[in-house]
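Position 206, counted from 1, in the sequence shown is what UniProt numbering calls 206; the numbers after and before it change by one each time, with no gaps. Here the structure is laid out as structure tokens; the discussion comes afterwards.
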Amino acid sequence: MRGWHGVGLVAGWQTVASLCFYAIFAATAFLRSDFGLSRTLVGVTITVTMLGYTLLLFVMGAAVDGYGERRVMVGGLLGLAVGAAGVAIAPSYPLLLLALLVLGGAYATAMPATNRAVLAVAPPGRRNLTMSIKQVGVTVGSGLGAILVTWMAATRVGWRGGFFVATAVGVGVALAFGYWYRGDGGTGSMGLPDVRGLLARPDYRLLVAAGFFYGAAILTTTAYVVLYLTESVGAAAGVAGTVLALVQLTGSAGRIGGGALVDRLPLDDARASALVLVGQSALGVACLVAVTAVDTPLVAAVGFAVLGLFVFGIPATYYACMTALVPSDRVGEATAGGQLTINAGGLIAPPTFGYLVDTAGYTTGWLALAAGVGVAALLLGRLALLTR
Numbered sequence: 001m002r003g004w005h006g007v008g009l010v011a012g013w014q015t016v017a018s019l020c021f022y023a024i025f026a027a028t029a030f031l032r033s034d035f036g037l038s039r040t041l042v043g044v045t046i047t048v049t050m051l052g053y054t055l056l057l058f059v060m061g062a063a064v065d066g067y068g069e070r071r072v073m074v075g076g077l078l079g080l081a082v083g084a085a086g087v088a089i090a091p092s093y094p095l096l097l098l099a100l101l102v103l104g105g106a107y108a109t110a111m112p113a114t115n116r117a118v119l120a121v122a123p124p125g126r127r128n129l130t131m132s133i134k135q136v137g138v139t140v141g142s143g144l145g146a147i148l149v150t151w152m153a154a155t156r157v158g159w160r161g162g163f164f165v166a167t168a169v170g171v172g173v174a175l176a177f178g179y180w181y182r183g184d185g186g187t188g189s190m191g192l193p194d195v196r197g198l199l200a201r202p203d204y205r206l207l208v209a210a211g212f213f214y215g216a217a218i219l220t221t222t223a224y225v226v227l228y229l230t231e232s233v234g235a236a237a238g239v240a241g242t243v244l245a246l247v248q249l250t251g252s253a254g255r256i257g258g259g260a261l262v263d264r265l266p267l268d269d270a271r272a273s274a275l276v277l278v279g280q281s282a283l284g285v286a287c288l289v290a291v292t293a294v295d296t297p298l299v300a301a302v303g304f305a306v307l308g309l310f311v312f313g314i315p316a317t318y319y320a321c322m323t324a325l326v327p328s329d330r331v332g333e334a335t336a337g338g339q340l341t342i343n344a345g346g347l348i349a350p351p352t353f354g355y356l357v358d359t360a361g362y363t364t365g366w367l368a369l370a371a372g373v374g375v376a377a378l379l380l381g382r383l384a385l386l387t388r
């Protein structure tokens, strides 16, 4: 299975899983309209989605290390299809939140399983590039979800039709993946994660702390960019969805570029990825500040496209750094810990951003995200020093 065929299978799985999961981020404007939500309650829908994701992370990480990634990935994608179907038929806000809990919980399989799968399939000397290609599945899937939901909203079927499509695709790809992919087996037993042992390492602590601020910036931007463009810039919903897809597209380029750069630096993988993260973070701060000045759909598209290149390009380098820091038999639990802090950012930041927008305006919200990414840059600078 090792080689580019295996890489394609893993990246394809990640793309479809992300399409199912991130479609809800593109639906925020429609949720607000259909359910009569404030901007803060729009943020709560994202928080509930992230809560389901977060609650099962360590369980899924332990399952991947214990039983291998194949079974976990098949089950996870089927669970995502069920969650997407629940969103499509939800008649009330409480039932929508229940469906989002299922959707988020199923997506908890993604990072621990695909990061382990990358180690199983990566061609020799191409681990960081392979990680980047796999991570492109997140941005491509999210972009497809944005286009699917916002464009379906303009049809008779409505935005919910996008989730029906996601359900069908999820079931089909889960069955195909289970047939074609083999991968590595696990240890044969599912143990408790050694969280204390991981947190005893200062390099790991710095990386996962930075993950909180990365999660806050990426997930809040994903959740609010459509709403921001329709409310503050006057863009049509279809145009706003296309801009979100463009952000994911440039994020894909940033992920591949970051991984390729790490592979080419004449340093060990951990230090090289830490230094690349510092650069991505610093440029991301500048982009978050710059988007406060956009005032037309065209300028907004350019501004958010550049933001996507740097901020949305970060996760591939983040996980490349993490897999370089820990032994291969602890990738599942280490990834779960790293994703936990990213999710914590996604739990707290969207409703906080919504509250700041409701009370002080969008500029204050974007500047708060920029400050957080600046803190992450400082943490990674310290990590780069530790890995000398």
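Cβ atoms here follow ideal geometry from the backbone N, Cα and C, with glycine treated the same way.
- Message: Applying the 10 Å Cβ sphere with the 16-neighbour rule, what's the burial state of Tyr179?
- Response: Taking all protein chains shown into account, Tyr179 has fewer than 16 neighbouring C-beta atoms within 10 Å of its C-beta and is therefore exposed.
- Message: For Val102 and Gly83, which I take to be in contact (beta-carbon distance under 8 Å), what is that distance rounded to the nearest angstrom?
- Response: That pair is a contact at about 4 Å.
- Item | Spatial distance of Val285 from Asp34 (CA atoms) | Those two C-alpha atoms are separated by around 34 Å.
- Query: Over what stretch of residues does the alpha helix (DSSP H) that includes Pro202 continue unbroken?
  - Reply: Per DSSP, Pro202 belongs to the alpha helix (DSSP H) from Pro202 to Tyr228.
- Thinking Leu335 and Met322 are a contact (beta carbons under 8 Å), I'd like their distance in whole angstroms, please. At residue 335 the sequence reads Thr, which differs from the Leu that was named. The pair is a contact, with the Cβ atoms about 6 Å apart (cut-off 8 Å).
- Using DSSP with H/G/I as helix, E/B as strand and the rest coil, what is Leu56? Residue state, collapsed to three classes: coil.
- Message: Contact between the region 130 to 149 and the region 21 to 30 is defined here as three or more beta-carbon pairs at a separation below 8 Å; is this criterion met?
- Response: Taking 8 Å as the limit for Cβ pairs, the verdict is that the region 21 to 30 does touch the region 130 to 149.
- Taking the continuous alpha helix (DSSP H) assigned at Ala106, which residues delimit it? Segment Tyr93 to Tyr107, the alpha helix (DSSP H) holding Ala106.
- Query: Can you tell me whether Val157 is buried or exposed, with buried defined as 16 or more other CB within 10 angstroms of its CB?
  - Reply: So Val157 counts as exposed.
- Message: Between which residues of its own chain and Thr40 is the CB-CB distance below 8 Å, once the five residues before and five after are set aside?
- Response: Excluding the 5 residues flanking it on each side, Thr40 has same chain C-beta neighbours closer than 8 Å at Pro351, Gly354, Tyr355 and Asp358, in chain order.
- Message: In this structure, how does DSSP classify Trp4 when only helix, strand and coil are distinguished?
- Response: Helix, per DSSP.
- Message: Closer than 7 Å to a non-hydrogen atom of the ligand ZN - does that hold for the CB of Arg70?
- Response: Within the structure as shown, the ligand ZN is missing, as the structure has no ligands at all.
- Closest Cα partner of Ala108 within the set Ala376, Leu80, Ile218 and Ala174: It is Leu80.
- Message: Measuring only the C-alpha atoms, how far is Arg182 from Asp268?
- Response: Looking at the two C-alpha atoms, the distance is approximately 30 Å.
- Message: Let me make sure I understand the geometry here. Which of Gly337, Val276 and Gly254 has the alpha-carbon closest to that of Thr54?
- Response: Taking only the C-alpha atoms, the option nearest Thr54 is Gly337.
- Look at the Cβ atom of Val171, then the Cβ atom of Val233, and state whether they are nearer than 8 Å. Here Val171 is not near Val233, since their CB atoms are 8 Å or more apart.
- Report, in whole angstroms, the separation of the C-beta atoms of Val262 and Ser273, which I expect to be a contact under 8 Å. Right, the Cβ-Cβ distance comes to about 5 Å (below 8 Å), so this counts as a contact.
- Query: Quick one: is Thr167 buried, meaning 16 or more other Cβ sit within 10 Å of its Cβ, or exposed?
  - Reply: By the C-beta density criterion, Thr167 is buried, having at least 16 other C-beta atoms within 10 angstroms.
- How about Tyr318 and Leu277: are their beta carbons less than 8 Å apart? Less than 8 Å separates the beta-carbon of Tyr318 from that of Leu277.
- Item | Backbone CA spacing between Ala316 and Gln135 [nearest angstrom] | Going from the Cα of Ala316 to the Cα of Gln135 covers about 6 Å.
- Message: Quick check on Ile218: buried or exposed, where buried means 16 or more other Cβ atoms within 10 Å of its Cβ?
- Response: Result: buried.
- Query: Are the Cβ atoms of Glu333 and Ala62 separated by less than 8 Å?
  - Reply: Cβ atoms of Glu333 and Ala62: closer than 8 Å.
- Query: Could you give the distance in angstroms between the alpha-carbon of Val42 and the alpha-carbon of Pro123?
  - Reply: One C-alpha to the other measures close to 42 Å.
- C-beta contact flag for Ala324 and Gly137 at 8 Å: 8 Å or more divides the Cβ of Ala324 from the Cβ of Gly137.
- Message: Nearest by alpha-carbon distance to Arg376: which of Leu246, Arg205 and Val326 is it?
- Response: In the sequence as presented, Arg is not what sits at residue 376; that position holds Ala. The shortest Cα separation from Ala376 among Leu246, Arg205 and Val326 belongs to Arg205.
- Starting from Ser33, trace the alpha helix (DSSP H) both ways and give me its first and last residue. In the DSSP annotation of this structure, the continuous segment of the alpha helix (DSSP H) that includes Ser33 starts and ends at Thr28 to Phe35.
- Cα-Cα, which of Arg126, Met131 and Arg382 is closest to Leu275? Of the listed residues, the one whose Cα sits closest to Leu275 is Arg382.
- Cα-Cα separation between Phe164 and Val7, rounded to whole angstroms: Answer to the nearest angstrom: the Cα atoms are 27 Å apart.
- Item | Minimum C-alpha distance to Ile147 - residue among Gly68, Val208 and Gln248 | Of Gly68, Val208 and Gln248, the residue nearest in Cα terms is Gln248.
- Message: Does Leu265 come out as helix, strand or coil in the three-state DSSP assignment?
- Response: If DSSP states are grouped into helix, strand and coil, Leu265 belongs with coil.
- Query: With a CB to CB cut of under 6 Å and the five nearest residues on each side skipped, what residues in its chain are close to Gly374?
  - Reply: Only residues of its own chain outside the window of five on either side were considered, and among them Val285 have a CB closer than 6 Å to the CB of Gly374, listed in chain order.
- Going by beta carbon distance, what residues of the same chain come within less than 6 Å of Ala282, once the five residues before and after it are set aside? Answer for Ala282: Ala377, listed in chain order.
- Item | Rounded C-alpha distance that separates Asn343 from Phe304 | The alpha-carbon atoms of Asn343 and Phe304 are separated by roughly 22 Å.
- Message: Could you check whether Val311 and Thr221 sit closer than 8 Å to each other, using their CB atoms as the reference points?
- Response: Against a cut-off of 8 Å, the Cβ pair of Val311 and Thr221 comes out as a contact.
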